[in-house]
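K.L.:
Dumping the structure here so I can ask a few things about it.
Chains as they are written, first to last, in our numbering: chain A, 49 to 303; chain B, 6 to 314.
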């Protein structure tokens, strides 16, 4: 089986600092994979390289069998790579519905002229996009707050709005950057449930970063471990838990 | 009586032209969040473009020349917007402000140094009257006609901007303005959104230039100096960045203040140059969101009714 996503020899240098060094990674369709490591290990840089926010110094990235190394961020997003952010980045001056509608694509594109003249084409596109955005928000339990400002939502809802917004791209690969950060155990349990459910419903492949080992080990089928930009381990949660290198670099001797 | 009427007609035409300038600057500065300080350059491009086109008009009928010169004014300003937009829009904040300010001044200085038989150079240039004959007798009619045309242009521009902002490409632009990084990672091409807003804004400034040239009957480079940019900027700060109705209200306040001061004795009249930057400073300190903020007249009216109900 060919991988949905494949990175080979991925490297990023900033001046003399090597943030990501020669990392190989492969995700098959439907995988739910974790990316862990101590602070400054290069996890977020990895996300930036995968999403095209940053161009790798060397190495190649293939997505759906195509070489997409060096593609820009919006091009990767349109190909089906969506992400959420470590520090929430919602558009605060737009309401909840518009945050999702800004990302949705209509089945038929609506150009400048039809938007300004409010032609039937515009109305059709607008209806389609609104329906899609509302459906997504409802699935994430945000159906009652469409007209609110995202800044007024509780923290957990803001995180879920970010996921709804990412799903509006119809992604195949979803990257979650510390989705459980700042959540209490109940919220984390609910989030685990949501992530699992979304993977089924939207046929997603998910790669996530988190520092909560219970969360990561509880949900991921495979885990990559980074330290100083290098991949030091890769395996199932059980293998990772007992890997001496990982214990030394990150987990401490809890096993 | 007639002179009083003429005064107010002149004032309202001014309000209309500055509303166009402010609404288009507002699209760029307020909605798209780009700090652009060269709007007087696009205004000048439009005014000189329309003048040049009118001079080429020859034996064509007046209204045809008038309309085609306005279209040409928009096109040339849009082209100017595109040609400086693409290289400059990678810049952010202050750097963009400096680059666009430079552009505005280049346009004015280039015209100032142009040959007399081309754009009139520093002495300015006459714009042939093509809309109708303008004599002391027909002055009222001319101003009423111009006012109606300007009002239609304002309405068209405001409806265009409003509809644009409430559509998919408009929402993408607002997303880019608020968080460009997030927008890019969510499939929005930030450069495309910003260039489009910049080109739309400059085209409408060009239209304002064309209307202005035909109304004045003669223009010179000093009509488009940096003080004009300050005035347009003051209007959007007063009205509220991001509010289209704010532009009309702000334009009225600023133009009326200026024109009424102009009637006062010389010693007082020249104080507007001090007054405007002062109002600008006071607004930014005490009410940076402007009179309307991001709201429109309709929102203000609704919330007022709710409170009094």
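We treat Cβ as the ideally placed atom computed from N, Cα and C, and that holds for glycine.
Just to make sure I have the definition right: I need the residues of chain A whose C-beta is within less than 9 Å of the C-beta of residue 95 of chain B. Which are they?
P.N.:
Ordered by position in chain A, no residue passes the 9 Å Cβ test against residue 95 of chain B, which lies about 13 Å from the chain.
K.L.:
Let me know the secondary structure DSSP gives residue 307 of chain B once reduced to three states.
P.N.:
Three-state DSSP puts residue 307 of chain B in a helix.
K.L.:
Would you report the Cα separation of residue 247 of chain A and residue 78 of chain A, rounded to the nearest angstrom?
P.N.:
Answer to the nearest angstrom: the Cα atoms are 7 Å apart.
K.L.:
How many angstroms separate the CA atom of residue 214 of chain B from the CA atom of residue 27 of chain B?
P.N.:
Residue 214 of chain B and residue 27 of chain B: Cα-Cα distance of roughly 13 Å.
K.L.:
I'd like the list of long-range same chain contacts for residue 18 of chain B, defined as Cβ closer than 7 Å, with 5 residues on each side in sequence excluded.
P.N.:
148, 151, 152, 155, 220.
K.L.:
Please state the DSSP three-state secondary structure of residue 175 of chain A.
P.N.:
In this structure, residue 175 of chain A counts as helix in the three-state DSSP scheme.
K.L.:
Taking all protein chains shown into account, do 16 or more other C-beta atoms lie within 10 angstroms of the C-beta of residue 257 of chain B, making it buried, or fewer, making it exposed?
P.N.:
Buried, because 16 or more other Cβ atoms sit within 10 Å of the Cβ of residue 257 of chain B.
K.L.:
Consider the Cβ of residue 165 of chain B: report whether some Cβ of chain A lies at a distance smaller than 9 Å.
P.N.:
So yes, residue 165 of chain B belongs to the interface.
K.L.:
If we cut at 9 Å on Cβ distances, does residue 282 of chain A have a partner in chain B?
P.N.:
By this cut-off, residue 282 of chain A is not an interface position.
K.L.:
If we define contact as Cβ-Cβ less than 9 Å, is residue 94 of chain A a contact residue for chain B?
P.N.:
It does not; no Cβ of chain B falls within 9 Å.
K.L.:
Going by the DSSP bridge assignment, what does residue 106 of chain A pair with across the sheet?
P.N.:
DSSP output for residue 106 of chain A lists A/59 as bridge partner(s).
K.L.:
Less than 9 Å between CB atoms is the rule here; does residue 303 of chain A satisfy it with respect to chain B?
P.N.:
For residue 303 of chain A, the pLDDT reaches just 47, beneath the cut-off of 50, and the residue's location in the model is therefore unreliable, although a value from the coordinates is still provided. Output row for residue 303 of chain A: interface = no.
K.L.:
Which whole-angstrom value is the C-beta distance of residue 22 of chain B and residue 169 of chain B, which I expect to be below 8 Å?
P.N.:
21 Å between Cβ atoms; not a contact.
K.L.:
Less than 9 Å separating the beta-carbons of residue 254 of chain A and residue 81 of chain A?
P.N.:
Yes, these two residues count as a Cβ contact at 9 Å.
K.L.:
Taking only beta-carbon atoms, is residue 253 of chain A less than 9 Å away from chain B?
P.N.:
It does not: the Cβ of residue 253 of chain A has no partner Cβ on chain B nearer than 9 Å.
K.L.:
Could you check the C-alpha separation between residue 303 of chain A and residue 283 of chain A for me, to the nearest Å?
P.N.:
Since pLDDT at residue 303 of chain A reaches only 47, below the 50 mark, its modelled position is unreliable, and the value read off the structure follows with that caveat. Straight-line Cα distance between these residues: approximately 16 Å.
K.L.:
Would residue 99 of chain A count as contacting chain B if we go by Cβ distances under 9 Å?
P.N.:
By this cut-off, residue 99 of chain A is an interface position.
K.L.:
Please list, in chain order, the residues of the region 130-141 of chain A that have any C-beta partner in chain B closer than 9 Å.
P.N.:
Cβ contacts with chain B: 130, 131, 133, 137, 138, 139, 140, 141.
K.L.:
For residue 139 of chain A, count neighbouring Cβ atoms within 10 angstroms of its own Cβ and tell me buried if that reaches 16, exposed if not.
P.N.:
Buried: at least 16 other Cβ atoms inside 10 Å.
K.L.:
Kindly indicate the opening and closing residues of the alpha helix (DSSP H) around residue 24 of chain B.
P.N.:
7-31 is the extent of the alpha helix (DSSP H) around residue 24 of chain B.
K.L.:
In chain order, what residues of the region 175-195 of chain A put their CB closer than 8 Å to some CB of chain B?
P.N.:
Residues 177.
K.L.:
What span of residues does the beta strand (DSSP E) with residue 132 of chain A cover, start to end?
P.N.:
Careful: residue 132 of chain A lies outside any beta strand (DSSP E) and carries neither H nor E.
K.L.:
Could you round the C-beta distance between residue 136 of chain A and residue 273 of chain A to whole angstroms and report it? I think they count as a contact, below 8 Å.
P.N.:
Residue 136 of chain A to residue 273 of chain A, Cβ: 26 Å. No contact.
K.L.:
For a test of the three-state rule: what should DSSP assign to residue 217 of chain A, helix, strand or coil?
P.N.:
If DSSP states are grouped into helix, strand and coil, residue 217 of chain A belongs with coil.
K.L.:
Under 9 Å between beta-carbons, which chain A residues line up against residue 255 of chain B? List them in chain order, please.
P.N.:
In chain order: nothing, as chain A lies at least about 20 Å away.
K.L.:
Applying the criterion that 16 or more other CB atoms from any shown protein chain within 10 Å of the CB defines a buried residue, is residue 234 of chain B buried or exposed?
P.N.:
When all chains shown are included, residue 234 of chain B counts as buried.
K.L.:
Closer than 7 Å by beta-carbon distance: list the chain B residues that pair up with residue 119 of chain A, in chain order.
P.N.:
Per Cβ cutoff of 7 Å: no residues; residue 119 of chain A is ~12 Å from chain B at best.
K.L.:
Using DSSP with H/G/I as helix, E/B as strand and the rest coil, what is residue 283 of chain A?
P.N.:
Residue 283 of chain A falls in the strand class under three-state DSSP.
K.L.:
According to DSSP, is residue 118 of chain B helix, strand or coil?
P.N.:
Reduced to three states, the DSSP call for residue 118 of chain B is coil.
K.L.:
Closer than 9 Å, Cβ to any Cβ of chain B: which residues of the region 144-170 of chain A, in chain order?
P.N.:
Of all residues in the region 144-170 of chain A, 146, 147, 149, 150, 151, 152, 153, 154, 157, 158, 159, 160, 162, 163, 164, 165, 166, 170 have a Cβ within less than 9 Å of some Cβ in chain B.
K.L.:
For the region 132-209 of chain A, which segments carrying the beta strand (DSSP E) assignment without a break, of at least 3 residues, lie completely within its bounds, in sequence order?
P.N.:
Runs of the beta strand (DSSP E) inside the region 132-209 of chain A: none found.
K.L.:
What are the partner residues of residue 82 of chain A, as DSSP defines its beta bridges?
P.N.:
Bridge partners of residue 82 of chain A: A/256, A/271.
K.L.:
Within the same chain, show all residues whose beta-carbon is closer than 6 Å to that of residue 53 of chain A, passing over the 5 residues directly before and after it, in chain order.
P.N.:
Here the set comprises 75, 111, 221.
K.L.:
Rounded to the nearest angstrom, what separates residue 253 of chain B and residue 238 of chain B at their Cα positions?
P.N.:
In a straight line, the C-alpha of residue 253 of chain B is about 13 Å away from that of residue 238 of chain B.
K.L.:
Determine the DSSP secondary structure at residue 224 of chain B, reduced to helix, strand or coil.
P.N.:
Three-state DSSP puts residue 224 of chain B in a strand.
K.L.:
Measuring straight from C-alpha to C-alpha, what distance separates residue 16 of chain B and residue 152 of chain A?
P.N.:
Taking the straight line joining both Cα atoms gives about 45 Å.
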